[in-house]
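The sequence shown stops at residue 172 when you use my numbering, and every number in between is there. To keep things clear, I will list the structure first and then write my remarks on it.
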Amino acid sequence: MPDLIVPPQRTLRLEPVTADNFDAVCAVQVRPDQGHLVSPVVKSLAEAYVHPASAWPRAIVDGDVVVGFVMAFHDIAWDPATDPGDRRSGIWRLNIDAGGQGKGYGRFAVNAVVEEIRRRGTHQRAYVSWHIGPGGPEPFYLGLGFTPTGELSGDQRVGVLTLDATAPRAG
């Protein structure tokens, strides 16, 4: 009887970006055809540096391999000029390395951010924005339960997920 091949146990987690994983996090690259859809990780880390109170940057790690990067925003004034009381939390950036796409890492990261927003208990909704058009991540976010708000953030569509709804599940 042949030996059974058992797939390795996945140990997905988010980790803070540290000196130990900085180079691996910065090496995360989306596919070439997606480069116009999301900023490079190094830009996100610079934004996190200048917005330390609201940015939550994390490495997406499977076992001991960095497979992506996610950055959340927490409790920001969405449009202080028109409504200073509109404070939001959500996903600021999601980069899954080209070689790791289609393996559930993005779904896991979105779920982890949603759970962090729930844990903090300050908001009942999670927000995200995405570039509109062919090859964009709209089907991904809609499939996780986000719905368009009708707003634009620059040239990006804004989506919202009500947190008392069923959360996306890691897959």
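By construction, the Cβ of each residue, glycine as well, lies at the ideal position given by its N, Cα and C atoms.
Can you confirm whether the segment 74-86 touches the segment 97-115 when touching is taken to mean that 3 or more C-beta pairs between the two stretches lie within less than 8 Å? Output reads no: the segment 74-86 does not touch the segment 97-115.
When 160, 154, 152, 150 are compared against residue 141, the one with the closest alpha-carbon: Position 140 of the sequence shown, counted from the start, is the residue given in the question as residue 141. Out of 160, 154, 152, 150, 160 has the C-alpha closest to the C-alpha of residue 141.
Length of the line joining the Cα atoms of residue 117 and residue 135: What you label residue 117 is simply residue 116 of the sequence shown in a count that begins at 1. What you label residue 135 is simply residue 134 of the sequence shown in a count that begins at 1. For residue 117 and residue 135, the distance between alpha carbons rounds to 30 Å.
Excluding the 5 residues flanking residue 163 on each side, which residues of the same chain have their C-beta closer than 8 Å to its C-beta? Taking the sequence shown and counting its residues from 1, the one referred to as residue 163 is at position 162. Its chain contains 125, 126 as the residues whose beta carbon lies nearer than 8 Å to that of residue 163, once the 5 sequence neighbours on both sides are disregarded; these appear in chain order.
Would you kindly work out how many angstroms separate the C-alpha atoms of residue 33 and residue 130, rounded to a whole number? Numbered from its first residue, the sequence shown carries residue 33 at position 32. Numbered from its first residue, the sequence shown carries residue 130 at position 129. Taking the straight line joining both Cα atoms gives about 20 Å.
Output the distance between the C-alpha atoms of residue 35 and residue 94, rounded to the nearest integer angstrom. By one-based count along the sequence shown, residue 35 stands at place 34. By one-based count along the sequence shown, residue 94 stands at place 93. Across the structure, residue 35 and residue 94 are spaced so that their CA atoms are roughly 13 Å apart.
What separation, rounded to the nearest whole angstrom, lies between the Cα atoms of residue 171 and residue 143? If you number the sequence shown from 1, residue 171 lands on position 170. If you number the sequence shown from 1, residue 143 lands on position 142. Bear in mind that a pLDDT of 42 at residue 171, under 50, signals an unreliable position, so the model cannot answer this.
The alpha helix (DSSP H) that contains residue 56, what's its start and end? As a working mapping, residue 56 is identified with position 55 in the sequence shown. The continuous stretches of alpha helix (DSSP H) do not include residue 56, which lies in the beta strand (DSSP E) extending over residues 56-63.
Could you give the first and the last residue of the continuous beta strand (DSSP E) run that contains residue 85? Start at 1 with the first residue of the sequence shown, and residue 85 comes out as number 84. Segment 84-97, the beta strand (DSSP E) holding residue 85.
Going by Cα to Cα distance, which pick from 128, 145, 62 is closest to residue 21? To locate residue 21, count along the sequence shown from 1; it is residue 20. Closest by alpha carbon: 62.
Enumerate, from N- to C-terminal direction, the unbroken alpha helix (DSSP H) stretches of 4 or more residues contained entirely within the segment 113-146. Runs of the alpha helix (DSSP H) lying entirely within the segment 113-146, each at least 4 residues long, are 139-144 in chain order.
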